[in-house]
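Chemist: Residue 364 is where the sequence shown ends in this note's numbering, and the numbering goes up by one at each step. One structure is given below, represented as structure tokens, and several questions about it will come after.
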Amino acid sequence: MRVDFHTHFIPEHLPAMGEKYSDEGWPTLIHNAPCQADIYFAGKHYRRIDDRSWDLQRRLKDMAVEGVDVQVLSPIPVTFAYDFSAQGVLELAQMQNEEIAEAVAASPEYFIGLGTVPLQDPGSAANEVRRVVNTLGLAGVEIGTNIMGRNLDDPGLEPFWQACEEVEAAIFVHPASVFSPERTSRYRLVFSVGYTSETGIAAASVVMSGLLERHPGLRLCFAHGGGTFPWLLPRLDRTWQVFDDVKSMTATKPSEVAKWLTYDTLTYDPVNLHLLIDRLGADRLVMGTDYPFPLREEPPGVVIDTLADLSDQARAAMLGRNALRFLGCVLS
């Protein structure tokens with residue numbers, strides 16, 4: 033079985049949030065041609081998408097052609113909108129969460145859903161993650177790597193982490209913004225360097241802070257193979273060994289805590305994927321493609337398939353079984 037853990041979905045139409053709330057630059061979807069739309073954010077063109085982003089029948093056809101049995105549907109991260117009115121973002125999140133739940137209900141054998149929450153208001157986010165799991169029946173939520181510059185170890189996020197642990201939500205961490213946008217504005221560096229650096233910082237802040245010791249029930253998966261994080265583990269270990277203030281935050285070496293997390297396999301390269309296997313273990317990796325965007329892996333699982341020295345058991349785990357286990361699905 034092949035489970036694509038990393039795919040994105042957006043409703044065909046987004047509400048006009050700017051008409052109700054004074055903030056300018058809300059995520060906007062403008063349909064400019066058949067089967068095509070442009071996303072605008074902060075008053076600027078963000079990206080062009082096509083109907084694979086919202087048309088479930090088109091998606092199912094692609095899955096059949098590419099041999100994908102199940103897709104995990106996550107929001108397009110620009111719709112996290114952490115910089116905007118928390119009440120407005122809650123409404124936008126609820127609308128998306130309900131559409132994802134409807135998609136899953138229509139084809140539960142093919143789709144598993146993750147929602148979104150207004151993390152700029154951790155209390156509201158906590159309530160919404162409870163609704164997402166307990167009422168809508170989704171597996172969990174997708175969140176960003178930072179919230180208006182605050183890392184995931186920020187003490188203000190405690191209510192959210194407590195709620196995630198309480199309802200056993202699966203959490204997919206995916207960058208939506210970068211710490212230095214002016215330095216990544218050319219050559220599409222935001223997608224190649226910015227997002228992977230953001231993911232590395234996010235994973236390091238989780239591992240080094242003791243968050244997972246305080247909340248051992250948390251289940252977090254990091255996008256894009258964990259970004260820079262797996263490569264940096266020896267340096268993080270050395271930092272932990274040398275500096276007492278760092279070591280005081282967690283009793284466990286970072287490279288060991290890293291094995292408590294999950295990562296998708298979107299590395300494009302067998303050498304990089306081998307690094308993840310060697311440092312983190314094949315049991316911590318889930319296939320992900322970034323469907324339906326241009327940087328997606330094609331065909332799904334191609335890098336996993338190229339690893340000749342991988343056991344059949346490890347290959348099957350990475351292609352599907354690990355994802356189902358992480359998402360709380362019953363394995364036969």
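Every residue, glycine too, gets a C-beta built ideally from N, C-alpha and C. This structure is a prediction, so every number in the text was calculated from the model and none was measured.
1) From the DSSP output, read off the bridge partner residues of Pro107.
2) Thinking just about the alpha-carbon of each residue, which of Arg215, Gln273, Val318 and Glu214 is nearest to the one in Phe254?
3) Sort Pro154, Val199 and Val161 by Cα distance to Met180 and report the nearest one.
4) Tell me where the beta strand (DSSP E) around Glu214 begins and ends.
5) What's the C-alpha gap between Glu42 and Phe143?
6) Step through the CB atoms of chain B and report whether any lies within less than 8 Å of the CB of Glu51.
7) Alpha carbons only, please: which of Ser212, Phe112, Pro326 and Ile81 is nearest the one belonging to Phe1?
8) Please name the residue in Asp87, Ser139 and Cys196 whose C-alpha comes closest to that of Asn250.
9) Please identify the residue among Met240, Val303 and Asp322 whose C-alpha is closest to the C-alpha of Glu288.
10) Using beta-carbon positions only, say whether Ile81 and Ala65 come within less than 8 Å of one another.
11) Can you tell which of Gly232, Asp83 and Gln152 has the C-alpha that lies nearest to the C-alpha of Ser117?
12) How would you call Gly99, buried or exposed, if buried means at least 16 neighbouring beta carbons within 10 angstroms?
13) In angstroms, rounded to a whole number, what distance separates the CA positions of Arg353 and Ala157?
14) Express the C-alpha separation of Asp276 and Ile175 in angstroms, rounding to a whole number.
15) Identify the continuous alpha helix (DSSP H) that holds Leu252 and give its terminal residues.
16) Excluding sequence positions up to five away, which residues of its chain have a Cβ less than 6 Å from the Cβ of Ala74?
17) Which runs of the alpha helix (DSSP H), 4 residues or longer, sit entirely within the region 147-231?
18) What is the DSSP secondary structure of Gly145, counted as helix, strand or coil?
19) Sort Asn183, Val161, Leu312 and Leu46 by Cα distance to Val366 and report the nearest one.
20) Using the Cα positions of Ala202 and Gly145, report the straight-line distance between them to the nearest angstrom.
21) Alpha carbon to alpha carbon, what distance is there between Arg162 and Glu44?
22) Just to confirm my understanding: we take Asp115, look at its own chain, exclude 5 residues before and 5 after, and list those with CB closer than 7 Å. What are they?
23) Just the C-alpha distance for Pro191 and Gln119, rounded to the nearest angstrom, thanks.
24) If Val210 sits next to Tyr227, beta carbons under 8 Å apart, how far is it from one beta carbon to the other, in whole angstroms?
25) Have a look at the DSSP bridge pairing and note the partners of His247.
26) What are the boundary residues of the beta strand (DSSP E) that Phe73 is part of?
27) In three-state DSSP terms, what is Lys76?
28) State the start and end residues of the unbroken alpha helix (DSSP H) segment that holds Ala113.
29) Which residue from Ala355, Val222 and Thr271 puts its Cα closest to that of Leu252?
30) Determine the DSSP secondary structure at Thr338, reduced to helix, strand or coil.
31) Under the assumption that Ser229 contacts Thr260 (Cβ atoms under 8 Å), give the Cβ distance between them as a whole number of angstroms.
32) Where Leu184 and Val238 are concerned, what is the direct C-alpha to C-alpha distance, given to the nearest angstrom?
33) Between which two residues does the beta strand (DSSP E) carrying Thr60 extend?
34) Helix, strand or coil for Leu317, going by three-state DSSP, please let me know.
35) Between the C-alpha atoms of Ala290 and Gly360, what's the straight-line distance to the nearest angstrom?
Modeler: So, to answer that:
1) Bridge partners of Pro107 according to DSSP: Phe41.
2) Val318
3) Pro154
4) Per DSSP, Glu214 belongs to no beta strand (DSSP E) and is neither H nor E.
5) Strictly speaking, residue 42 in this sequence is Ile, with Glu absent from that position. Each residue's alpha carbon lies about 14 Å from the other.
6) Absent from the structure is chain B; it holds one protein chain and no more.
7) Outside the shown range of the chain, which is 33 to 364, sits residue 1, and nothing can be said about it.
8) For the record, residue 250 in the displayed sequence is Leu; it is not Asn. Among Asp87, Ser139 and Cys196, the Cα nearest to that of Leu250 is on Cys196.
9) Met240
10) no
11) Closest option to Ser117, Cα to Cα, is Gln152.
12) exposed
13) 29 Å
14) 31 Å
15) Not the alpha helix (DSSP H): Leu252 falls in the beta strand (DSSP E), residues Arg251 to Phe254.
16) Result list for Ala74: Gly57, in chain order.
17) Within the region 147-231, the complete alpha helix (DSSP H) segments of 4 residues or longer fall at 154-166 and 190-199, listed in chain order.
18) strand
19) Residue 366 lies beyond the residue range present for the chain, which begins at 33 and ends at 364; the question has no answer from this structure.
20) 10 Å
21) Straight-line Cα distance between these residues: approximately 25 Å.
22) Met180
23) 17 Å
24) 7 Å
25) None, per the DSSP bridge assignment.
26) DSSP places Phe73 inside the beta strand (DSSP E), whose first and last residues are Gln68 to Phe73.
27) strand
28) Run containing Ala113: none; DSSP gives neither H nor E here.
29) Ala355
30) helix
31) 6 Å
32) Approximately 6 Å, taken between the alpha carbons.
33) From DSSP, the beta strand (DSSP E) with Thr60 extends over Thr60 to Ala65.
34) strand
35) 20 Å
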